[in-house]
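A quick write-up on the structure given underneath.
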Amino acid sequence: MSAAAQVPAFDKLEQLYDQGRYQLVYRKSVRLLNKPEYDYSLLPEYYQAIAALQLLRNEGWRNKHTETIDFSFDFLKALGKTEKGTKLKVNHGQELRSLQSDLNDWIGELSQDKENKLVRTYSPSIRALNAMLRTEATEPASAEWEAPVGLLGKEQAVAMITYAQAFIGTPYVWGGEAPGGFDCSGFTSYVFAQQGKKIPRVSRDQYASSVKVDAKDACIGDLVFFGQEGVVSHVGILVNELGKPKRMIHSSSSKGVMFQDIDNSKYYSTRVIGYGRY
């Protein structure tokens, strides 16, 4: 960590942001921006920007802070243009990866509605932010996966995962639901359809119509749903055996279709909303 990150006021911003208290982070960072003693650091502007973009899905907040949202995108897109900004980007890579994933999941769900004005308004900025973060904003590499075998009554689930893994590396495409490119729920609905099971197209509807499963019982073939504040925004298919650490195959906004550990990922493990079975 840089010396700047050891300043108590900055440590507090990082702690509150990690807790998901974005409105409080925003207010505190604005107050720091008005104190000349912190002018040496980019962190107040940085936390103002990432907190503002995390609040983008809040309609009331979004409508009152359009200029701040534009500033936040511009600030983050410019980080790589200075030495100080580049160092900040490296030191706070996990926060930026999490933000990137949240924004892509949010706009990806909205893009199901082809007439949604928010998609037209914000997708160019999100794409530009993706391009800027591409070299740093990658998910943790997953170990090579072998299909689990011998689970009584799970033959179809194993067959489904075997089929799904043929799409490893397929790019993430907003609204994609075919082998040329998938978004998260486009991938799950396509894989299930090829196994003879039609499920809803959108992740929140997949969650709503599925049979809910306790975490201890969730295993290969079940869906795992992610989001914030009870709002589902991402979905994957579990590949782990019963009782084993959670692992999924999903269409990631940064890498496309891939395997991903869940339990040892702070980003995913803290965003699990629940598990569903069809």
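Each residue of the sequence shown is one higher than the one before, starting from 2 at the first, in the numbering used here. Ideal Cβ placement from N, Cα and C applies to all residues, glycine included. Small disclaimer: the values here were computed from a predicted structure and weren't measured.
- Between residue 248 and residue 240, the C-beta spacing is below 8 Å.
- For residue 270, the secondary structure class from DSSP, reduced to helix, strand or coil, is helix.
- Residues 257, 258 of the same chain have their beta carbon placed closer than 7 Å to that of residue 170, with the five preceding and five following residues left out of the count.
- Counting only the Cα atoms, residue 273 lies some 13 Å from residue 214.
- The C-alpha of residue 106 lies about 15 Å from the C-alpha of residue 206.
- Spanning the alpha carbons of residue 70 and residue 244 requires a straight line of approximately 43 Å.
- Relative to residue 262, the option among 192, 279, 242, 20 whose CA is nearest is 242.
- When the five nearest sequence neighbours on each side are left out, the beta carbons in the same chain lying within less than 6 Å of the beta carbon of residue 129 are those of 78, in order along the chain.
- The DSSP-derived three-state label of residue 116 is coil.
- Bridge partners of residue 251 according to DSSP: 259.
- A check of alpha carbon separations from residue 208 across 123, 92, 186, 52 identifies 186 as the nearest.
- In the displayed model, residue 178 falls within a strand according to three-state DSSP.
- In the DSSP secondary-structure assignment, residue 278 is bridged to 212.
- Cβ-Cβ distances below 6 Å link residue 231 to nothing in the same chain once the five nearest sequence neighbours on each side are left out.
- Taking the C-beta atoms as reference points, residue 43 is found no nearer than 8 Å to residue 11.
- By the criterion of a C-beta distance shorter than 7 Å, residue 53 is surrounded in its chain by 27, 66, 69, 70, 73, once the five residues flanking it on both sides are discounted.
- Pairing residue 120 with residue 221 gives a Cβ-Cβ distance that is not under 8 Å.
- In the DSSP assignment, the residues bridged to residue 235 are 227.
- Taking C-beta atoms as the reference points, residue 203 and residue 278 fail to come closer than 8 Å.
- For the pair residue 95 and residue 237, the Cα-to-Cα distance works out to about 21 Å.
- For residue 46, same chain residues with a beta-carbon under 8 Å away, outside a window of 5 residues either side, are 30, 34, 76 in chain order.
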